[in-house]
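Residues in the sequence shown are numbered consecutively from 7, following this note's numbering. Each residue gets a CB set at the ideal place from its N, CA and C atoms; glycine is no exception.
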Amino acid sequence: MFVIGPGPYISSLCYSVLKIEPYDFCSLNCVYCYANWYSRKTRRVVGEFEKIAKKLKKRGLKTIPFRLSTLTEPFQPIEQARKLSLRILKISRKYSIPLIINTKSTIVLKDPWKSEILKLHDKSLVVLQITLITHREELARKLEPRAPSPRERLEICEYFSNQGIPVVVRLQPLIPGLFTEKEEIEEYFSLLKMAGVRQVIVEALRCRREDLETLIESPEYRDEKFWISYSPRKPEIDVIKPNREWIYGKLKELKNVAVKAGIGFTTCKEGLFNLHTVPNCCGIHYLEDYRLRPTLYEFWKYGKLYSGEGLNFLENEKYLYGEKLNEYPRIVRKGLKIHEKILLEILSEPEILAKIILK
7 MFVIGPGPYI
17 SSLCYSVLKI
27 EPYDFCSLNC
37 VYCYANWYSR
47 KTRRVVGEFE
57 KIAKKLKKRG
67 LKTIPFRLST
77 LTEPFQPIEQ
87 ARKLSLRILK
97 ISRKYSIPLI
107 INTKSTIVLK
117 DPWKSEILKL
127 HDKSLVVLQI
137 TLITHREELA
147 RKLEPRAPSP
157 RERLEICEYF
167 SNQGIPVVVR
177 LQPLIPGLFT
187 EKEEIEEYFS
197 LLKMAGVRQV
207 IVEALRCRRE
217 DLETLIESPE
227 YRDEKFWISY
237 SPRKPEIDVI
247 KPNREWIYGK
257 LKELKNVAVK
267 AGIGFTTCKE
277 GLFNLHTVPN
287 CCGIHYLEDY
297 RLRPTLYEFW
307 KYGKLYSGEG
317 LNFLENEKYL
327 YGEKLNEYPR
337 IVRKGLKIHE
347 KILLEILSEP
357 EILAKIILK
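Have a look at this one:
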């Protein structure tokens with residue numbers, strides 16, 4: 007319920023695998039939505055989250071930040087009536103649980119949500135991530151028909167960055183056919199800079215073949231060679247993504263413009279560590295008193311990818327692994343151990359490792 011499902015990319019590359027999904031549906035109807043791919047059970051999620059928070063507080067344990075949320079909009083219109091995300095914000099503040107908020111919603115600019123986010127910031131417990139896949143208003147209406155406009159989302163960024171809150175933009179998914187002109191890329195990053203955005207996270211589109219026609223008109227969608235299987239293992243699954251050459255070339259182009267704009271740049275589940283310009287792909291480094299799970303990044307950073315070593319070279323107390331996990335509530339401990347097991351398995355499979363880390 008509170009740990010993202012394991013897999014080759016998530017388990018080996020993702021820091022923020024702890025999640026809170028207050029809603030099991032989303033009313034925004036984004037055409038690229040991943041929520042329909044997964045079954046979700048969110049009953050009693052707020053109460054169960056509070057139990058976890060109490061146990062962590064009682065045992066004096068620091069935690070990996072929780073993500074609010076991963077698949078559905080936590081501040082969609084029904085939140086104004088049900089206030090599940092508001093309760094999560096209050097629980098996080100009460101028990102000092104660090105949060106990564108991922109949203110497109112302008113509800114966060116309204117009280118009591120706004121004031122709760124500001125109170126979390128007073129305790130250095132929040133990173134605000136705003137999804138913005140394009141700054142072009144007309145295109146956004148087509149791809150995200152019920153979401154706030156790009157202009158409104160930039161206003162969210164500007165308000166909270168002016169309050170000192172670390173604001174990160176998620177360019178996820180990066181859809182082929184967008185950002186084809188340098189001027190468009192420069193305009194996008196210029197708007198982010200003016201809004202006070204500190205970092206951009208980019209992940210290329212992944213989708214089913216039958217979903218391609220719902221996106222935009224672009225030559226890439228008719229080129230079979232442009233697409234490869236998303237899975238690094240066999241048998242291949244029905245989910246596809248752009249080929250490695252396109253991903254690396256486009257993300258390098260975006261990174262270069264981000265650097266010129268003075269904005270941090272990272273990728274999400276792409277294995278392109280050499281393009282990262284800030285310490286953590288999720289922006290967790292903007293928080294205080296948090297813990298991290300190890301990923302392939304640590305092995306890459308310290309030259310340990312093909313060393314055959316385990317995790318013991320990570321002496322920094324911020325890292326949770328091995329026996330350190332035994333103190334944590336079972337509801338999160340079990341999932342974290344599964345992710346760790348898969349990470350170590352991938353390190354022992356050079357062929358899979360080479361598919362996950364792009365060079």
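Legend entry - Neighbour-count burial assignment, PRO154, 16 or more Cβ in a 10 Å radius: PRO154 comes out buried.
Legend entry - Cβ neighbours of ILE269 in the same chain (closer than 8 angstroms, five flanking residues each side left out): Only PHE195, LEU198, LYS199, VAL203, ARG204, GLN205, VAL206 meet the Cβ criterion.
Legend entry - Residue from LEU19, GLY11, TYR38 with nearest C-alpha to ARG214: When the alpha-carbon of ARG214 is set against those of LEU19, GLY11, TYR38, the nearest one is in TYR38.
Inset, instruction - Taking 7 angstroms as the cut-off, decide whether the C-beta atoms of LEU278 and PRO300 are in contact. - result: No.
Legend entry - Beta carbon of ARG239 nearer than 7 angstroms to that of THR69: No.
Inset, instruction - Just the C-alpha distance for ILE181 and LEU221, rounded to the nearest angstrom, thanks. - result: Rounded to the nearest angstrom, the two C-alpha atoms are 8 angstroms apart.
Inset, instruction - Look at THR137 and ARG93 and say whether their C-beta atoms are less than 7 angstroms apart. - result: Taking 7 angstroms as the cut-off, the beta carbon of THR137 is found no closer than this to the beta carbon of ARG93.
Inset, instruction - Might you give, ordered along the chain, the residues of its own chain that have their beta carbon closer than 6 angstroms to the beta carbon of LYS261, omitting 5 neighbours on each side? - result: For LYS261, where only same-chain residues beyond five positions count, the Cβ hits under 6 angstroms are PHE271, LEU281.
Legend entry - 7 angstroms CB neighbourhood of LYS343 in its chain, flanking five on each side removed: Taking LYS343 as the centre and dropping the five residues before and after it, the same chain places the C-beta of LEU331 closer than 7 angstroms to its C-beta, in chain order.
Legend entry - Neighbourhood of GLU216 by C-beta, 7 angstroms cutoff - its chain only, sequence neighbours within 5 removed: Closer than 7 angstroms at Cβ, skipping near neighbours: no residue.
Inset, instruction - Return the Cβ separation of ILE367 and LEU302 in integer angstroms, given the expectation that the two are a contact with Cβ distance under 8 angstroms. - result: Any property of residue 367 remains undetermined from this structure, which presents the chain solely from 7 to 365.
Inset, instruction - Starting from ARG73, follow the beta strand (DSSP E) in both directions and report where the run begins and ends. - result: In the DSSP assignment, ARG73 falls within the beta strand (DSSP E) that extends over 72 to 74.
Inset, instruction - Alpha carbon to alpha carbon, how far is TYR15 from SER354? Give it in angstroms, no decimals. - result: Going from the Cα of SER354 to the Cα of TYR15 covers about 15 angstroms.
Legend entry - Three-state class that DSSP yields for ARG176 in the structure shown: The DSSP-derived three-state label of ARG176 is strand.
Inset, instruction - Could you check if ASN168 is buried or exposed, using at least 16 other CB atoms within 10 Å of its CB as the buried criterion? - result: Burial call: exposed.
Legend entry - TYR29 beta carbon less than 7 angstroms from that of THR78: In contact: THR78 and TYR29 (Cβ atoms closer than 7 angstroms).
Legend entry - Opening and closing residue of the beta strand (DSSP E) in which VAL133 lies: 132 to 137 is the extent of the beta strand (DSSP E) around VAL133.
Inset, instruction - Give a yes or no on whether the C-beta atoms belonging to LEU105 and PHE55 are separated by under 7 angstroms. - result: Using a Cβ distance threshold of 7 angstroms, LEU105 and PHE55 do not count as a contacting pair.
Inset, instruction - With GLY170 as the anchor, note down where its beta strand (DSSP E) starts and where it stops. - result: Per DSSP, GLY170 lies in no beta strand (DSSP E) segment and is marked neither H nor E.
Legend entry - Backbone CA spacing between VAL133 and TYR292 [nearest angstrom]: Cα to Cα, the separation comes out at about 7 angstroms.
Inset, instruction - Would you mind listing the beta strand (DSSP E) stretches within the segment 70 to 128 that are 3+ residues and don't spill past its ends, in chain order? - result: Those beta strand (DSSP E) runs which fall completely within the segment 70 to 128 and span 3+ residues are 72 to 74, 105 to 109.
Inset, instruction - In the DSSP assignment, find the alpha helix (DSSP H) that holds PRO356 and state where it starts and stops. - result: PRO356 -> alpha helix (DSSP H) spans 356 to 362.
Inset, instruction - Output the distance between the C-alpha atoms of GLU230 and GLU251, rounded to the nearest integer angstrom. - result: GLU230 and GLU251: Cα-Cα distance of roughly 14 angstroms.
Inset, instruction - Compare the C-beta of GLU346 against all C-beta atoms of chain C and say whether one is closer than 7 angstroms. - result: Checking the listed chains, one finds no chain C in this structure; it contains a single protein chain.
Inset, instruction - Could you please give me the residues that DSSP links to LYS347 through a beta bridge? - result: Note: LYS347 is not bridge-paired with any residue in the DSSP secondary-structure output.
Inset, instruction - List the endpoints of the continuous beta strand (DSSP E) containing PHE271. - result: In the DSSP annotation of this structure, the continuous segment of the beta strand (DSSP E) that includes PHE271 starts and ends at 270 to 273.
Legend entry - Outcome for ARG99 when other beta-carbon atoms lying within 10 angstroms are tallied against a minimum of 16: It is buried - the Cβ of ARG99 has at least 16 other Cβ atoms within 10 Å.
Inset, instruction - Could you have a look at LEU257 and say whether DSSP puts it in helix, strand or coil? - result: Helix, per DSSP.
Legend entry - Straight-line Cα distance separating LYS25 from LEU62: Those two C-alpha atoms are separated by around 15 angstroms.
Legend entry - SER17 beta carbon less than 7 angstroms from that of LEU349: Yes.
Legend entry - Sub-7 angstroms separation of ALA201 and GLU144 beta-carbons: In this structure, the beta-carbon distance from ALA201 to GLU144 does not fall below 7 angstroms.
Inset, instruction - Would you kindly work out how many angstroms separate the C-alpha atoms of THR112 and LEU74, rounded to a whole number? - result: Counting only the Cα atoms, LEU74 lies some 15 angstroms from THR112.
Inset, instruction - Would you kindly report the start and end of the unbroken beta strand (DSSP E) that includes SER237? - result: Element bounds for SER237: n/a, residue is neither H nor E.
Inset, instruction - Alpha carbon to alpha carbon, how far is ALA210 from PRO151? Give it in angstroms, no decimals. - result: When rounded, the distance between both Cα atoms is 21 angstroms.
Inset, instruction - Look up GLU209 in the DSSP assignment and say whether it is helix, strand or coil. - result: Correct three-state label for GLU209: strand.
Legend entry - Length of the line joining the Cα atoms of LYS266 and LYS307: Just so you know, the alpha carbons of LYS266 and LYS307 end up roughly 24 angstroms apart.
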